[in-house]
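Going line by line, the protein sequences match chains A and B.
Residue numbers 1 to 473, in our numbering, belong to the letters of the first sequence in order.
Residue numbers 1 to 176, in our numbering, belong to the letters of the second sequence in order.
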Amino acid sequence: MTRTIVIDPVTRIEGHSKITIQLDDRGEVVDAHFHVTQFRGFERITQGRPVHEMPAITARTCGICPVSHMVAAAKAVDDIMAVEAAPTGADLRRVINLAQVVQSHALSFFHLSSPDLLFGFDADPARRNIIGVARENPGLARDGIAIRKLGQQIIEWLGGKRIHPPWIVPGGVAEPLAEETRDRILAAIPEAIAAAQRAIAWYKSDLVRWEEEAATFGNFRTAYMGLVDREGLVDLYDGWLRVIDADGKPLEERVDPRRYAEFIGEAVEPWTYLKTPYWKPMGYPDGIYRVGPLARLNVAERAGTPLADEELEKFRWRIGRVAGSSFHYHYARLIEILHGLERIDQLLRGPDILSKHVRSRAEVNRHEGIGVSEAPRGTLFHHYRVDDHGIVEWANLIIATGNNNMAMNRAVLQVARQHVRGDRLEEPMLNRVEAVIRCYDPCLSCSTHALGQMALQLELRAPDGTTLDTLTR
Amino acid sequence: MSRPRIATVWLDGCSGCHMSFIDLDERLLEVFERADLVYSPLVDHKEYPEDVDVCLVEGAVSSEEDLHKLKVIRERTKVLVAFGDCAVTSNVPGMRNPIGVRPLLERAYVENVTINPGVPTEIVPALLPTSVPVHTVVRVDVFLPGCPPSADLIFTLLTDLLDGRVPDVAGARFGR
C-alpha cells in the first residue's frame with residue numbers, strides 16, 4: 001500500500017502547480033512529481049492571426065516575462081521578413097530585455113525566495129513572505145523592491161507601459177530612444193548597482209549556513225544550455241547555443257539556434273501540462289539539460305562586464321567551474337542582476353543609441369521563421385510558419401521554464417528523499433520541497449487548484465490507485 | 001476593529017495583473033501596513049480562508065478547478081473584484097473558444113511532440129468547453145479592466161475600499 005502527499009498549490013512561485021510525493025508502506029519516498037496544471041494553447045490560438053500580431057499576442061503567455069516573448073516573437077518575424085533588425089533597434093531590444101531580466105530576477109530572489117533564506121525553511125509560514133522580510137530586514141526588502149522597480153521603470157520609459165509594452169516590433173522597435181530617457185536611466189543605474197552589491201554581500205555571508213543543504217538541494221549531473229556571443233560571453237539577446245555536459249565539456253560549441261529542432265525533442269508525460277524538452281542526441285530521458293541563470297554562467301566563459309565578472313570569479317572559486325546544485329540558481333541570479341545593470345549602462349553609452357533609425361521594414365519574404373533569445377528563466381524558442389499573406393499557419397513555442405522540467409522533477413525527488421519522512425510529516429519538510437522549485441523560478445502563468453484543502457493532504461491509496469482514506473492536517 | 005483581509009487569486013491569466021499589483025512597489029508595504037494579505041501567490045497560506053474582505057481575481061474561468069475555486073472564493077469574500085481584461089471579458093484565453101478543446105490540446109501534445117504523444121489526463125484538471133469571464137459564473141462587485149490595470153488604479157481601488165469608499169476606477173480602460 002502506498003501513500004501520496006499532495007502539496008497544492010505550490011506557493012511563492014510565478015504560477016500554480018502541485019507536487020505529489022509517493023511513499024511506500026514504510027513511509028519512505030519512492031517517487032515525486034511536479035505537476036503543471038496550466039494549459040493555454042497559444043500554439044493553436046495564434047493560427048490564423050497576422051504574423052505581425054505575434055509579439056503582442058504571445059506577450060500574453062506571461063505577465064512576468066512578456067518582453068522575452070515579444071523579443072523572441074519579433075526576432076521570428078524578422079526571420080520571416082528576411083531582414084536584420086536596425087542595429088540601434090536591436091540594441092534597444094537588448095536594453096529592454098535586460099531590464100526585464102533584472103526585474104524578474106529581483107522578483108524571484110527578493111519577493112519569493114528571500115523569506116526562506118532570511119527566516120529559514122522551518123520558520124512560521126505566516127511571516128515567510130516579502131511583507132515579513134520588510135519587517136525583519138527592511139534594507140533587504142527595500143533594495144529588492146528598488147531593483148525590481150527600476151527594471152520595470154526602464155521597460156515603461158522605453159515601451160510605454162510596464163507590462164505588455166507595445167514597443168517591440170518586427171524589424172526593431174517602434175520609437176527611437178529620447179535623450180532624456182537615456183539620461184534618466186543612466187542616472188538611476190548606480191544606486192541599483194549598489195543595491196545589487198549589498199544583496200550579493202548579504203547572500204554570500206548567509207550562504208555559509210546553507211552550504212551543507214545545497215549539497216543535496218537538487219544537486220545532480222545534467223547538461224547545460226545557453227546563448228553565448230562570438231567570444232563565448234553571456235548574451236541574453238542573440239548569438240549561438242552552447243551546450244556543455246556536467247563536467248563542462250562542450251556537447252555543442254556553437255550552434256545556430258535556428259537549428260534547434262535537430263537537437264531538442266519534446267516529450268509528453270500524462271501527469272503534467274508542461275512538456276518535457278530533452279537533448280535529442282542523448283535521447284529521453286537521458287538528455288536532461290538545464291537552462292537559466294545557473295546554466296548561462298556555467299556555459300559562458302565570462303559574463304562580460306567588470307563587476308559581474310569579479311563576482312563570477314568568486315562564485316567559481318567557491319562552488320566550482322560547473323555548479324550543479326539547484327540552490328546556486330539564487331547566487332547566479334544575483335550575479336546576472338549585476339550584469340544586466342552594467343550591460344544596460346554600456347549599451348546606453350553606445351554612440352548610435354539615439355539614432356532615429358530603429359526599425360527595418362519588409363513584407364513576408366519567407367514562409368518560416370525562428371526567433372530565439374534568453375528569457376530570465378532560460379532559452380526561449382518561437383517558431384512560426386505563415387502563408388503568402390503572412391497569416392500564421394502553425395506555431396511551436398518552447399518556453400524557457402519547460403527546458404527545466406526534467407530537472408525540476410529530479411530536484412523535487414532528491415529533496416523529498418532527503419527531508420520527507422512519512423511517519424512524522426511536518427510542514428517545513430514540504431516547504432523545502434517547494435523551495436527547490438523556487439530555485440528554478442518557474443513561470444507557469446498558471447491556472448487551477450482545488451481550494452479548501454489543507455496544506456498537507458495525505459491520501460492512502462491501494463495499489464490499483466483507489467483512494468482508501470484521506471487525512472488532512 | 002480587526003484588520004481588513006485581502007486576497008489575490010489568479011485563474012486562467014498570464015499573471016500580468018499580479019505583476020501590476022507588485023508594481024505598487026513601496027506602496028505594497030503601505031497597503032499591508034493597514035491590511036493583511038491572507039491568500040495570494042506571494043504568501044504561503046494554502047487554503048482560501050473565511051471572511052475575506054477584498055479578493056482580486058485575475059484570469060478567465062477555463063477549467064473545472066477554476067470553476068470550483070471561484071465558487072469557494074465567492075462564498076468567503078465580501079468584495080470580489082474582476083481584476084483585468086481576462087477576468088472581465090475572458091480576453092486572450094477566450095481566443096480558444098471558436099476552436100474547441102480537442103484541436104487545441106492536440107496541437108500541443110500530439111502534433112508538436114517527438115516522444116510519447118498524448119493529451120495529459122492524470123492529476124491535471126480538465127478544461128471547460130469554453131473559457132468564460134468571471135461574472136458569468138459568480139456575482140462580481142467591482143470590474144477593473146486593463147491588460148493589465150495600472151498599479152496606480154490598483155492602489156486607488158484598494159485604498160478606496162480600505163477607506164470604506166466606493167472605488168473610483170473610472171480611469172480604467174480595456175487593453176492599456
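We put the beta carbon where it would ideally sit given N, CA and C, even for glycine.
Nothing here was measured: the structure is a model prediction, and the numbers come from that model.
A distance below 7 Å separates the beta carbons of Asn-116/B and Val-268/A. The bridge partners DSSP lists for Val-142/B are Val-81/B. Counting along the chain, Gln-22/A sits inside the beta strand (DSSP E) bounded by residues 17–23. By the C-beta density criterion, Lys-356/A is exposed, having fewer than 16 other C-beta atoms within 10 angstroms. Closest by C-alpha distance to Ser-373/A, out of Phe-263/A, Asp-387/A, Met-225/A, is Met-225/A. For Asp-66/B, the uninterrupted alpha helix (DSSP H) run begins and ends at 64–76, by DSSP.
Taking each of Ala-194/A, Gly-144/A, Ile-96/A, Val-29/A in turn and checking the Cα distance to Glu-26/B, the smallest one comes out for Gly-144/A. Collapsing the DSSP output to three states places Ser-373/A in a strand. Separation of Ala-87/B and Phe-121/A (C-alpha to C-alpha, rounded to the nearest whole angstrom) is 34 Å. Ser-17/A is the residue among Arg-366/A, Leu-233/A, Glu-156/A, Ser-17/A whose C-alpha sits nearest the C-alpha of Glu-65/B.
Cβ neighbours of Lys-78/B within its own chain (closer than 6 Å, five residues either side excluded): Asp-53. The criterion of a C-beta distance shorter than 7 Å is satisfied by Gly-172/A and Gly-89/A. Separation of Ala-407/A and Arg-438/A (C-alpha to C-alpha, rounded to the nearest whole angstrom) is 13 Å.
Residue pairing by DSSP puts Leu-37/B in a beta bridge opposite Ile-6/B. At least one CB atom of chain A sits nearer than 7 Å to the CB of Gly-118/B.
Asp-85/B places its beta carbon 7 Å or farther from that of Phe-155/B. Gly-378/A has Ala-375/A as its beta-bridge partners, per DSSP. Rounded to whole angstroms, the gap between the alpha carbons of Gly-390/A and Val-83/A is 15 Å.
At a cut-off of 7 Å between beta carbons, Trp-157/A makes no contact with chain B.
Within chain B, Met-19, Ile-22 have C-beta atoms less than 9 Å from the C-beta of Leu-107/A, given in sequence order. Under the three-state reduction of DSSP, Glu-266/A is assigned to strand. Beta-bridge partners of Gly-172/A (DSSP): Val-169/A, Arg-359/A.
Of all residues in the region 397–431 of chain A, none places a beta-carbon less than 7 Å from a beta-carbon of chain B.
Put simply, the CB of Asn-137/A is far from chain B, with every gap to its CB atoms at 7 Å or more.
With fewer than 16 other CB atoms across the displayed protein chains lying within 10 angstroms of its CB, Leu-186/A is exposed. Across the region 109–135 of chain B, CB contacts with chain A closer than 7 Å involve Tyr-109, Asn-112, Val-113, Thr-114, Ile-115, Asn-116, Pro-117, Gly-118, Pro-120, Thr-121, Glu-122, Ile-123, Val-124, Pro-125, Leu-127, in sequence order along the chain. Cα atoms of Trp-202/A and Leu-294/A: separation of roughly 19 Å, rounded to the nearest angstrom. Contact holds between the region 102–110 of chain B and the region 25–42 of chain A, because three or more Cβ pairs, one in each stretch, are under 8 Å apart. Counting only unbroken stretches of 4 or more residues, the alpha helix (DSSP H) elements lying wholly within the region 22–57 of chain A are 42–45, in sequence order. In the DSSP assignment, the residues bridged to Pro-277/A are Glu-266/A. With contacts defined as CB atoms closer than 7 Å, Ile-398/A and Pro-257/A fail to qualify as a contacting pair. When 9 Å is used as the limit between beta carbons, Pro-125/A is near these residues of chain B: Val-43, Asp-44, His-45, Lys-46, in chain order.
Along the region 259–276 of chain A, going in chain order, the ones with a CB nearer than 8 Å to a CB of chain B are Gly-265, Glu-266, Ala-267, Val-268, Glu-269, Pro-270, Trp-271, Thr-272, Tyr-273, Lys-275.
Taking C-beta atoms as the reference points, Val-71/A and Arg-93/A count as a pair closer than 7 Å. Shown here, Asn-219/A sits in a strand according to DSSP, grouped into three states.
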